[in-house]
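Peer 1:
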Amino acid sequence: TGGAIANCRSHLRDETFCVMNGDLLSSVPVEEMLNFHNSQGGLATISLWEVEDPTRFGVCDIREDGKIYQFQEKPALDDAVSNMINAGCYILEPAIFERMPDGPHSMERDVYTEIASEGVLNGFGFEGHFVDAGTPPSWLEGVQICLDGGRWSSGGRGGFANTSWIGDGVFDGAGPLSSAIGHGSTISPGADVVRSALMSDVFIGDNASVVECLIGEGAKIGAGVKLEGVVVDYGAEIPEGYSQVGGTYPES
1 TGGAIANCRS HLRDETFCVM NGDLLSSVPV EEMLNFHNSQ GGLATISLWE
51 VEDPTRFGVC DIREDGKIYQ FQEKPALDDA VSNMINAGCY ILEPAIFERM
101 PDGPHSMERD VYTEIASEGV LNGFGFEGHF VDAGTPPSWL EGVQICLDGG
151 RWSSGGRGGF ANTSWIGDGV FDGAGPLSSA IGHGSTISPG ADVVRSALMS
201 DVFIGDNASV VECLIGEGAK IGAGVKLEGV VVDYGAEIPE GYSQVGGTYP
251 ES
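The numbers in this note's numbering rise by one with no breaks, and the one at position 136 of the sequence shown is 136.
1. Return the residue from the list 131, 40, 232 that minimises the CA-CA distance to residue 57.
2. Leaving aside the five residues before and after residue 100 along the sequence, list all residues of the same chain whose C-beta is less than 7 Å from its C-beta, in chain order.
3. Quick one, which of 72, 188, 232 has its alpha-carbon nearest residue 246's?
4. Report the rounded CA-to-CA distance for residue 97 versus residue 46, giving the unit in angstroms.
5. Within 10 Å of its beta-carbon, does residue 201 have 16 or more other beta-carbons around it, so buried, or fewer, so exposed?
6. Between which two residues does the alpha helix (DSSP H) containing residue 202 stretch?
7. Taking the alpha-carbon positions, what's the residue 67 to residue 59 distance?
8. Counting only the same chain and skipping the five closest in sequence on each side, list residues whose C-beta sits under 6 Å from that of residue 209.
9. On a CA-only basis, which of 244, 38, 198 is nearest residue 185? Give me that one, please.
10. Can you give me the C-alpha to C-alpha distance between residue 4 and residue 222, rounded to a whole angstrom?
11. Grab the span of the alpha helix (DSSP H) containing residue 115 for me, first residue to last.
12. Provide the residue span of the alpha helix (DSSP H) that contains residue 148, from first to last.
13. Classify residue 114 as buried or exposed, calling it buried when 16 or more other Cβ atoms lie within 10 Å of its own Cβ.
14. Cutting at 8 Å between CB atoms, please list the residues of its own chain near residue 206, excluding the five before and the five after it.
15. For residue 157, tell me which candidate among 151, 148, 146, 169 has the shortest Cα-Cα distance.
16. Where do the N-terminal and C-terminal ends of the beta strand (DSSP E) with residue 121 fall, by residue?
17. Could you give the DSSP three-state label for residue 97: helix, strand or coil?
18. Pair every Cβ in the stretch 15–26 with every Cβ in the stretch 78–97, then say whether three or more of these pairs are closer than 8 Å.
19. So which of 64, 53, 103, 174 has the shortest CA-CA distance to residue 86?
20. Helix, strand or coil for residue 30 per DSSP?
21. Suppose the cutoff is 8 Å on Cβ atoms and the five residues either side in sequence are ignored; what does the same chain contact list for residue 250 look like?
22. Tell whether a beta-carbon distance below 8 Å holds between residue 123 and residue 26.
23. Determine the extent of the beta strand (DSSP E) in which residue 44 is found, giving its start and end residues.
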């Protein structure tokens, strides 16, 4: 992560800047976070989110003064200093570049851990929503947030119908529920598509059932197929009457 930020240095002005991880969906109020950063001083401010299981994330020991004094990257549950995690939005000062080692490196392990011990790392907690879309379930959670909030950019193609987003050129013979349907897809009569995401040019056969699935571009789901919680590969063809719960298709 640090190498990616360092590569942007020549494109930045010599002033405070903001970085956001590209795989998250967040309601963090950036302007409010910037004001907090300016009032706190220091080199960096990290957005924070409270979770039950912090083991997939960077964990922060934040004090009443808003300073982070310890930063742990993906600790064991028994070792975690708190349940406040790094929520992937950072306000940084240009001087942060002087703390980055040359070459590939991790901001979390190589930079934040060091500056936390110096009292120049701040933590900004927020409420609303935060999804780290690094797993199929969390990716679908992000899709649901976009659907519920009507937040979908399609370049003028497609639009909302009931509880779903329907792409351009979709043949919908059934009416999906709380799903995102990519351009050029076909949902045959009698099929159920529920809380799922279909990429472009997907075919769903008659009376098939697709629940909480991710369906890759160009996949063909045969008539009567029953899928629940399955990730289907791009271009995969599932024969009629097939049934699967969880995992991937084809199985890897």
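Heads up, the beta-carbon is just placed ideally off N, CA and C, and yes, glycines get one too.
Peer 2: From the atom records:
1. 131
2. 2, 6, 111
3. 232
4. Straight through space, the alpha carbons of residue 46 and residue 97 are spaced by roughly 16 Å.
5. buried
6. Premise fails: residue 202 is in no alpha helix (DSSP H) and is neither H nor E.
7. 13 Å
8. 192, 226
9. Residue 198 is the option with its Cα nearest to residue 185.
10. 43 Å
11. 113–116
12. 136–149
13. exposed
14. 188, 189, 190, 191, 223, 224
15. The shortest Cα separation from residue 157 among 151, 148, 146, 169 belongs to 169.
16. 121–125
17. helix
18. yes
19. 53
20. helix
21. 233, 236
22. Judged by beta-carbon spacing, residue 26 lies beyond the 8 Å limit of residue 123, meaning their Cβ atoms are not closer than that value.
23. 44–50
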